[in-house]
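Numbered by full-length UniProt numbering, the letters in the sequence shown go through residues 1 to 994 in order. Glycine is no exception: its CB is placed at the ideal position from the N, C-alpha and C atoms.
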Amino acid sequence: MTEDRRLIEDFIPIREISAEAAREKSIRKGHISTLHLWWARRPLVAARAAVYASLVAAPETYQKRTVLKELMIDLCKWKVGEPTLNKAREQILEAQRQRLGLPENTPLKDVPPPKVLDMFAGGGAIPLEALRLGCETHAIDLNPVAHIIELCTLVYPQKYGKKLADEVEKWGNWVIENVRKEVGDLYPGIGDLDLGIGDLEEENGELQRTTSLAKGDRIREKNLETQGQQLSLFPSSTSPQPPTPNSQLLTPVAYLWTRTVKCPNPACGADVPLVRQTWLCKKSKKYVALKVTPNYQTKQVEFEVVESTTEKGLGFNPASGSTRGNSLCRHCGTTIKTKPYIQNEGKAGRINQQLMAIVCTTPGAKGKTYLSGTDYQKYVPNEVQIKERLEKLCAETGLTIPDEPIFSGNSRAFFTHLYGLDNFGKLFTPRQLLSLMTFVKWVRLAHEEMLKQGYDEEFAKAVTTYLCLGITKVANRGSNLGVYHTKGEKIESPIGSGRLPMVWDFPETNPIGTSSGNWSDGLDYTIKTLKNLTEINSFAVIKRQPAQKLDIADSSLDAIITDPPYFDAVPYADLSDYFYVWFKRSIGHLYPEHFSGKLTPKKQEAIMESSRHGGDKAKAAKAYEDMMHQAFCEASRVLKDGGMMVVVYAHKTTAGWSTLIDSLRRAKFTITEAWPLDTEQQGGLRSLRASLASSIFLIARKRGTPKTPLTPNSQLPTPNHPTPKIGDYAMDVQPQLREIVQDRVKTLIAEGVSGADLVIACIGAGLRAYTQYDSVELPNGDELDANTFLDEVQKEVLETVLSDVLLCDKRGVSAVDKPTQYYILGRYEYGEAVVEFDEANTLARGVGIELDGPGGLTDGKLALVTKNKNKIQLRDYSERGESEDLGIRSSELGGRKTFNTPTPNTQNPTLIDILHRLLWLSEHKPQDITNFLALAMPDASQLRLVAQALAGRALTPETKQENITSRTREQQAIDTLLASWKRIIEDNLFTQRG
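Below is the structure:
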């Protein structure tokens, strides 16, 4: 340990940085996230906060802390001013000068900048901010896709400056011009329909627009006559020129398809669309959907576009498609189930697709126009001819269609193989494949042309690499797994969520068009980001290697700040194969050292993936822990003795946390602090369900020389393996833990941290008491493992939180029954939200109560919690209070009731049961309250504590002025009861006991 205390070990303005980090999620143009997709990338302002606070000394006085706080708030903004950045850089160098023992009069320009490493660099957010703050920056990642993203983020822009952006723009336009000439006929413009795609007709008092086949044909014929020529899908010359604002063409931007299977009913055999819903647009005064009608002659369905100013005006329910994959034949009514029928059809190659609609724009006009796929089928080119052209392109160029296998061992994230889509080529329609392969062809030709024109070889390589990112941007949205967003009228990435799902209907983008997923928009985003990145003067040292074996000298780094894989949360390598196959085809020849493998390397990837260990989850967890331990041992080796280690972590399960903690502790790191920084956009995921919205920044210091993870003999004291430091839990660890937790609860509440974020952050801070020892012994001599310690920390945190909520000491908390404790904490953490069972059950175990099973809180008619599959929700007084048995002592029930199963009433009633019954009676039968209290006989003081806790906002962030509309129905009912507490409760109980 060292006396060189850093700002991050003292204080950081959590509330302000979190707010800015959450806002950053909505920023698109100019942000590095628009260069290329990478999963779980940290916000730049959060990364900047971690780097700065890790390198600046902790303040010695309150005044200095105030100054640092103000500077840090200014520093951690998306658009930070250069004066603020310069001031931060100066402070970092001043701290570095002091740590190096240089004279105070040494000019800052002569002070070597601190060396910072991110050993799991991924999308490059942390090393980018280290560069921005003037550090000598090192970035490591094993994944080739991540390595290329890092080159494009941390090296090329800073190395080549503005001319790089100019050349990428020039050659990006060159590529799209040539691709348009070659495949422009695949996306023909559609004859202008005079905005009369069906007439607005009145039906049932509502305006709606319909498109029939006959109307479409008449209008199309009229336009063809006007143009004096026939539209051809495959003209012999070059593709049609882009439409001008005055041209008679609609521009297709997406083609919406549904997958189909043959009806298994032998007497039917119709094509069954698997579409889950037929909404096209859901906006105010613009509701557009597809009406599905069976055609008994063709054995297919027909799609009709219907538009209305209201949802009701459509006259049908667009959401009545497939449910959980089970579909209904529109011809005979047979139910077609996903398992096994649709899966078997997919594996046999018998899942087909049918065009539902074409989404168009009108040049010079706003909004989207929707055309029926039934009416405009002739505007889709012949698939046989596309495949012939694709074969010809591959023969001429030597390129191959991606046939690499899709990972099939993780059924939580990868589903397509179950339906026959088992290699990457099958994730794209023939037209998508031809377009993508044409982009690959012209990107490679662009590189050749640059060299012919005398470009520097390395510079040409850099420009071509950005063009490759353009291909993967097209592939990101341009597959047969995409999703059409009906509110935004745009196409979303199927893989952006960190999984590769199966979908029943999908949009096919127009990559040479003007809507989402097109090349030109992607190029524009790249240029804007490049221009931002060129403002940074120095570039990073990046290497592709495993974190378990770093090519870095011993004791050479001042800080390691990293965001490691979260146990089993994100299968990075398997996901990035989606892009790897296109990287390999477009720039693999420029980076043969990174793209020689069939797919991304996975043996040394530090994630918990059971399929790599014969399906054994325990072995997979142990392998993850060992790899993380080896990585942290390497971190300890390359870090200076006084160096700082910051680990960003956001996994919610105990298993994920315990493996990380054991890995750090075994590598001789002590966790000294933990700070939660909110990294989710407000109004997004957090508002929909209770979840861990924060990233926890764990701050660690070297405890000594790390043990090599070989055998138990490595525990023997040697010069390189000193005698292990053993702590006594009762005497050493527990007292310190209580002190840390009590202090941290108060600090974080003052910063507006609440709910699961507060609990997890307190757990992180409490790890200091545990990780300062090589091992911790219980009074009986057994070793306290990390998993058990986490339970102990959580209990301590929850007791402290309850003490604050109930405004009493821990003895007062212990007087409150455990179901009531759980209810108070549940309302505090989750409110009225529906939450995952595992998350809620972790809280229940911390309280010391069973959530599920016989006698659990979800059991019986008076259950405190509702469970539906893997989701739970707390029940309030309006759902429980009507029962006459609620809150009554079992001895008082007499002969009124016979119980066949155990209920909470077979013992003394809980305080929450009594309160719920009282609230219900107050609303519906106030005359029965006196009799109820005589039977329940609660402790009035404890009951009032519970009522005040549930009515209060003591642990809720004070981000806005509270008003009555923000309070739940239960809180309002408690307010009413508390206002008359003495008369209704205390006076009644006093009379009865008197």
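Per DSSP, reduced to three states, the secondary structure at Asn295 is strand. Phe697 carries a strand assignment under DSSP once its states are collapsed to helix, strand and coil. Distance from the CA atom of Glu777 to the CA atom of Asp728, rounded to whole angstroms, is 5 Å.
Closest in C-alpha terms to Gly488, from the list Val834, Cys281 and Lys64, comes Cys281. Less than 7 Å separates the beta-carbon of Leu530 from that of Pro157.
Boundaries of the beta strand (DSSP E) harbouring Lys490: Lys490 to Glu492, taken from the DSSP string. Going by DSSP, Val638 is part of the alpha helix (DSSP H) stretching over Lys617 to Val638.
By the criterion of a C-beta distance shorter than 6 Å, Gly826 is surrounded in its chain by Leu874, once the five residues flanking it on both sides are discounted. Between Asp577 and Thr600, the alpha-carbon positions lie close to 6 Å from each other. Annotation for Gln432: the continuous alpha helix (DSSP H) segment containing it runs Pro430 to Lys452. Between the stretch 503-517 and the stretch 475-491, the count of Cβ pairs shorter than 8 Å is three or higher; the stretches touch. Excluding sequence positions up to five before and after Pro264, its CB lies within less than 8 Å of the CB of Thr334, Ile336 and Tyr341, all in the same chain and listed in chain order. Exclusion of the five residues before and after His629 leaves Ser663, Arg666, Ala667 and Pro709 as the residues of its chain whose Cβ lies within less than 6 Å of its Cβ. Contact check between the stretch 840-849 and the stretch 935-943: fewer than three CB pairs, one atom from each, fall below 8 Å, which does not count as touching.
A check of alpha carbon separations from Glu839 across Gly656, Met119, His147 and Leu550 identifies Gly656 as the nearest. In this structure, the alpha-carbon of Leu767 lies about 19 Å from that of Phe567. Sequence-distant partners of Ser658 (beyond 5 residues in either direction) whose C-beta falls short of 7 Å from its own C-beta, in its chain, are Ala786, Asn787 and Leu790. Judged by their CB atoms, Lys490 and Ser516 are nearer to each other than the 7 Å cut-off.
As computed with DSSP, Val835 is found in a beta bridge with Ile872.
Among the bridge pairs identified by DSSP, Cys281 is matched with Val288. Listed in chain order, the non-local C-beta contacts of Lys598 below 7 Å within the same chain comprise Glu404, local neighbours out to five positions each way being set aside. The beta-carbon separation of Val253 and Asn510, rounded to 5 Å, stays under the 8 Å limit for a contact.
The residue from Ile386, Thr800, Gly781 and Gly134 with its alpha-carbon nearest to that of Arg744 is Thr800. For Tyr255, the pairing in a beta bridge is given by DSSP as Ile358 and Glu508. According to the DSSP assignment, Asp141 belongs to the beta strand (DSSP E) that extends over Glu136 to Asp141. Under the 8 Å Cβ criterion, the stretch 349-366 counts as touching the stretch 298-313, having at least three qualifying pairs. In chain order, Gly172, Val175, Phe439, Val443, Trp519, Gly522, Leu523 and Thr526 place their CB closer than 8 Å to the CB of Gly470, counting only its own chain and leaving out the 5 sequence neighbours on each side.
Using a Cβ distance threshold of 7 Å, Ala730 and Leu698 do not count as a contacting pair.
Asp728 has Glu777 as its beta-bridge partners, per DSSP. The continuous beta strand (DSSP E) containing Lys368 extends over residues Lys368 to Ser372. If you check the CB distance, Pro127 and Asp118 come in under 7 Å. In the three-state reduction of the DSSP assignment, Asp641 falls in the strand class. Judged by their CB atoms, Trp78 and Ile27 are nearer to each other than the 7 Å cut-off. Distance between Val168 and Ala413, taken at the CA atoms: about 35 Å.
Bounds of the beta strand (DSSP E) holding Lys115 are Lys115 to Asp118. Contact between Leu71 and Thr84 is confirmed by a C-beta separation of about 7 Å, below the 8 Å threshold.
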